[in-house]
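Here this note's numbering runs 9 ahead of the position in the sequence shown, where the first position is 1.
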Amino acid sequence: MLISDIAIRRPVFTVMVIVALMVLGLIGATSLGVDFFPDVDLPIATVVTVYPGAGPEEVEQLVTKELEEAISAINGVKEMHSYSRDSVSTLIVLFEHDTDADKALTEVREKVAGVRLKLPKEVEDSVVQRHDPTVVPVLTYAVSSDRGPAETRRLVDEVMKPRLEAVEGVATVEVLGGLEREVHVYVDRARLEALGLSLAQIGQQLGQDSWDVPGGRITEGGAELNVRTLGRFRSIEELSNVVVASLANGSQVRLGEVARVEDGFKEVRVRPLLDGRPAVTFEIQKAGGANAVAVADGVYGVIDELKAQLPGDVEVTSVVDGSLFVRRNVADVTEAIVFGGLMAVLVIFVFMLDWRSTLISSLALPTSVVTTFFAMWWFGFTFNMLTLMALSLAIGLLIDDAVVVRESIFRHMERGEDRVTAARNGTNEIGLAVMATTFTIVAVFVPVAFIGGMAGAFFRPFGLTVAAAVLVSLFISFTLDPMLSARVFKPIEPGHHDRLARHRFFGPLVRGFDAMNAYYRGLLAWTLDHKKKVVGGAVLILVGSLALVPLMGLEFIPSGDRGEFMVDLEAPAETSIDAMEGLVRQAEALIRQNPEVRRIYSVAGVGEVANEARLRVYTSKKDERAVGQSEIQEDVRQRLATIPSLVSRVNDIPFLEQAGMDNPITLSIRGEEYATLQRLSNQALELVRATPGVKDADTSYRPGKPETSIHVQRSRAADLGVSVGVVAQTVRLAVEGEVVAKYRHQGRDWDVRLQLAPEDRSASSMLAELTVPATLGRRGGGAAGGDLTQTLASLAS
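As structure tokens, then:
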């Protein structure tokens, strides 16, 4: 073969080529990131929109449907799933597999921006981002102290968060728990009505008086100066003294005359707990493509520095460290690769009984692996479970070509040929066969890289890494092997085999191989004489094997005993965050009764949904307990079943925690009528629960929580010059409140929230006494004649 002839004739050139490939491979290895899963670029976008205080039906009608209508017009949209819950609309948009993900994301952002004016003004700006199922928090820490939740939260926000965000590779630092500062303007309803004012008037006035507005530039004395009007409130007293209205008699009404201004805290909707103690936690999200291990190492360094600088009573505890799982699994696979390589070398030596042949064949292994690192870098891959698994699988394949070539050369030398002739003839003799074998492997694994959907995106690095590795090994076997055989191999003297057979140590092996060879020759002769029996037996084995396939389990990624698992809790929809925290503590107490449980990290109010919680339960190490994780989970499942009205689900840690893949199997029932969907889902749920092996089956449909509905008497409202929108805005200001201004203190801006005093909105019946502004010279009383009714809000999901 031409390439082998060149390698044999030009050994220096061959060595330089191999060295160059090794150098490129080492450069690629140092540039490769380390992560658990490969980076995936799926054409999936998520749109999250917050409508504070809105019920599921309002969210669906006023937000979700508007967004769906706009986004559905984009070319290439394959599926769209929407979830409308209390205050939150979530859309997941799936595009065709061949759609450019960046272009799709841009088009979604444009459509969402175009529909913004159609949404209620209270709706916050939508967050549009690419749905990357591999992007999960790398690290989670809990901070506790004796300083109280407010000061602890301040330390995290002002001291720790900025330092952590500066770590290379960190995308976001999300803080949960504690108390966030907020200035409350609690309006006295009686005083407001006595002065003939409305909440909207006060809110509008505060909004106008609280902005810093640039005024342009002026030139004075040859210097250019910026002009800025400073309007932000800088003290509670200044805010209390702001004039909010002027009466007909010329007197002015100050805010402090109609409202109580307090320096307080935002409403708490999420409460993290670490082993039953309230804590402030922060989750560190790595940027896409960042090295998870490097990010974690950078964070470790900053945390150590912060611990030395923070007050002594502040305790920082690592709760979740995803990098440990990455390190452990990468180390395990790397160990398997090294061990497999050593075993392959040992097998070669045992069968060839020649250290030079073993050395020449074994050099193909590190050379091929290191060169493959360059191919991985070229493709943009990382060291992850899939690429390392590919290398582990390819270990035998990488050395196989070199062994075949070396054995062929060895056989020619046994026939008496000189080293150069044997290297040339031996390589040429089996060259086509080796190429056919290698390209067959490539033909098997390359198509894996082009499977559609999420599976294809994950296994693309696997298929291409195997293909690249075997192609590199083919090149090495046709260049390095024949060149070394021609230059460093010792000529084989006559009687070499007989001397080995009489050797003290190698003799038994040689005689055993000879016996094995003789037996194989006899077996081969028998199979050639009984072709029908052999083929028939092979067919029977194939059919029997296929019949066993349905008995095997099927999983995308196998579960394992990680020493930790998830518990999801859900209480009735009307459960408050205080009540939910109590249920979480009750659940934690039951879980701790299992002697293998070591730590519990809980979050009550997951996603700011008060009646939901998630617990992360840590057990003792696998080798320190007599029972498996599944037995512990079953024990926890039975204990939690004793809490009435609480739905619990105990699951392994999902391999993609934020990809919506917590449940191994999800059945979707779609339709237009919620009543029909509810009936069908309940029927399906009964059938699923009756299926052997099913645990924690549940339906996503929830009847919702009680709500007070205000039905405006349109004719009376029209007579008073009051619109339905004004009524709705007044009710919202009174109950939910609205951030109408900013208060600056110690260099930071804090929200100023306007709403009725708590005592004036403690019961729904008080809403009937609200006064709304009218345009016909009169005030509309009783919510402009609105009727109050108690109903159940349906939860659209």
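Backbone N, C-alpha and C fix where the C-beta goes; we use that ideal spot for every residue, glycine too. Note that the structure is predicted; figures quoted are calculated from it, not measured.
Ignore the nearest five residues each way along the sequence and tell me which others in residue i's own chain have a CB closer than 8 Å to its CB.
i	result
Ser154	Glu160, Thr161, Leu164, Pro320, Asp322, Val323, Glu324
Arg646	Ser657, Val659, Lys704, Asp705
Arg226	Glu233, Leu234, Asn235, Val236
Arg263	Ser249, Asn250, Val251, Val252, Val253
Ile450	Leu406, Val475, Ala476, Val479
Ile346	Val378, Leu397, Leu400, Ser401, Ile404
Arg286	Ser153
Val359	Leu518
Asp829	Residue coverage of the chain in this structure runs from 10 to 806, which leaves residue 829 outside it and unanswerable.
Excluding the 5 residues flanking residue i on each side, which residues of the same chain have their C-beta closer than 6 Å to its C-beta?
i	result
Ala199	none
Tyr752	Val192, Phe242, Trp759, Val761
Gly265	Ser249
Asp238	The residue asked about is misnamed: residue 238 is Thr in this sequence, not Asp. Only Val222, Gly224 meet the Cβ criterion.
Gly669	Annotation note: pLDDT 42 at Gly669 (below 50); position unreliable, no value reported.
Glu183	Glu292
Leu201	Val267
Ile418	Ala431, Ala432, Gly435, Ser494
Glu174	Val182
Gln294	Pro146, Ala180, Thr181
Arg623	Asp577, Val612, Val615
Val194	Ala268, Val270, Leu763
Asp796	Model confidence at Asp796 stands at a pLDDT of 47, short of 50, so the residue's coordinates are unreliable and nothing is read from them.
Excluding the 5 residues flanking residue i on each side, which residues of the same chain have their C-beta closer than 7 Å to its C-beta?
i	result
His421	Ala431, Asn434, Gly435
Gly350	Leu374, Ile404
Val618	Arg94, Asp95
Glu177	Gly307
Gln799	Residue placement at Gln799 cannot be trusted, given a pLDDT of 38 that sits under 50; the coordinates are not used to answer.
Val72	Thr58, Tyr60, Ser98, Leu128, Val132
Val339	Val43, Phe392, Leu397
Leu785	Low confidence applies to Leu785: its pLDDT is 48, below 50, so where it sits in the model is not reliable, and the reading given next is rough at best. These residues qualify, in order along the chain: Leu729, Gly730.
So which of the options has the shortest CA-CA distance to residue i?
i	options	result
Leu402	Glu266, Ile17, Asp769, Val479	Val479
Thr717	Ser771, Leu686, Leu689, Pro653	Ser771
Val740	Met775, Asn603, Ser486, Asp109	Met775
Thr108	Gly85, Gly123, Arg118, Leu100	Gly85
Ser773	Leu686, Glu745, Val412, Val32	Glu745
Leu22	Asp427, Gly702, Glu276, Met492	According to the sequence provided, residue 22 is Phe. The question's Leu does not apply to it. Of Asp427, Gly702, Glu276, Met492, the residue nearest in Cα terms is Met492.
Arg601	Arg625, Arg415, Val615, Thr584	Arg625
Val311	Gly216, Tyr150, Ala466	Tyr150
Ile15	Tyr529, Ile460, Asn437	Asn437
Met89	Leu395, Val117, Arg725	Val117
Ala635	Leu578, Gly572, Phe360	Gly572
Glu768	Glu416, Asp197, Gly472	Asp197
Asp341	Leu395, Thr326, Trp364, Trp386	Leu395
Glu69	Val56, Tyr92, Ala296	Tyr92
Phe382	Ile719, Ala596, Arg723, Leu473	Leu473
Pro281	Lys275, Phe274, Thr290	Thr290
Gly331	Tyr309, Glu77, Lys87, Ile357	Tyr309
Glu276	Gly62, Glu105, Leu148	Gly62
Ala105	Thr115, Ala113, Lys87, Leu114	First, the amino acid is wrong: residue 105 is Glu here, not Ala. Comparing Cα positions, the closest option is Lys87.
Arg520	Arg278, Leu362, Val481, Val548	Leu362
Ala458	Phe388, Met444, Gly425	Phe388
Measure how close the beta-carbons of residue i and residue j come, nearest whole angstrom, since I'm counting them as under 8 Å.
i	j	result
Leu689	Ile678	5 Å
Pro52	Asn393	Rounded, the Cβ-Cβ distance is 21 Å, inconsistent with contact.
Thr376	Met31	6 Å
Pro158	Leu188	5 Å
Val137	Val124	With 8 Å as the limit, Val137 and Val124 do not qualify as a contact, their Cβ atoms being about 12 Å apart.
Gly212	Glu747	6 Å
Scan the region 313-348 and note each continuous beta strand (DSSP E) run of 3 residues or more that stays entirely inside, going in chain order. The region 313-348 is shown to contain whole beta strand (DSSP E) runs of 3 or more residues at 324-330, in chain order.
Pick out the complete beta strand (DSSP E) segments inside the region 563-605, 3 residues or longer, and give them in chain order. Correct list: 573-579.
Is the number of C-beta pairs between the region 38-55 and the region 294-301 that are closer than 8 Å three or more? Output reads yes: the region 294-301 touches the region 38-55.
Taking only runs that begin and end inside the region 199-247, name each unbroken alpha helix (DSSP H) of 4 or more residues, in chain order. List check, alpha helix (DSSP H) in window: 208-217.
To test your reading of the DSSP string, which unbroken alpha helix (DSSP H) runs of 4 or more residues are found completely within the region 377-445? List check, alpha helix (DSSP H) in window: 394-423.
Touch test, the region 623-634 against the region 108-122, Cβ-Cβ under 8 Å, three pairs minimum: These segments do not touch.
Would you check if the region 576-596 and the region 250-260 touch, i.e. whether three or more CB-CB distances between them fall below 8 Å? The region 250-260, when compared against the region 576-596, does not touch it at the 8 Å Cβ threshold.
I want to know whether the region 552-562 touches the region 602-622 - three or more CB-CB distances under 8 Å. Counting Cβ pairs under 8 Å, fewer than three are found: no touch.
Inside the region 258-300 only - alpha helix (DSSP H) runs reaching at least 4 residues: For the region 258-300, whole alpha helix (DSSP H) runs of length 4 or above, ordered along the chain, are 264-267.
Three or more C-beta pairs under 8 Å: does that hold for the region 366-373 against the region 408-423? Because the criterion of three Cβ pairs below 8 Å is met, the region 366-373 and the region 408-423 touch.
With a floor of 3 residues, list each beta strand (DSSP E) that falls wholly inside the region 155-186, ordered by position along the chain. Listed in chain order, they are 179-185.
Please give me, in chain order, every unbroken run of the alpha helix (DSSP H) with length at least 4 that falls completely inside the region 711-761. Fully enclosed alpha helix (DSSP H) runs of 4 or longer: 723-729, 733-744.
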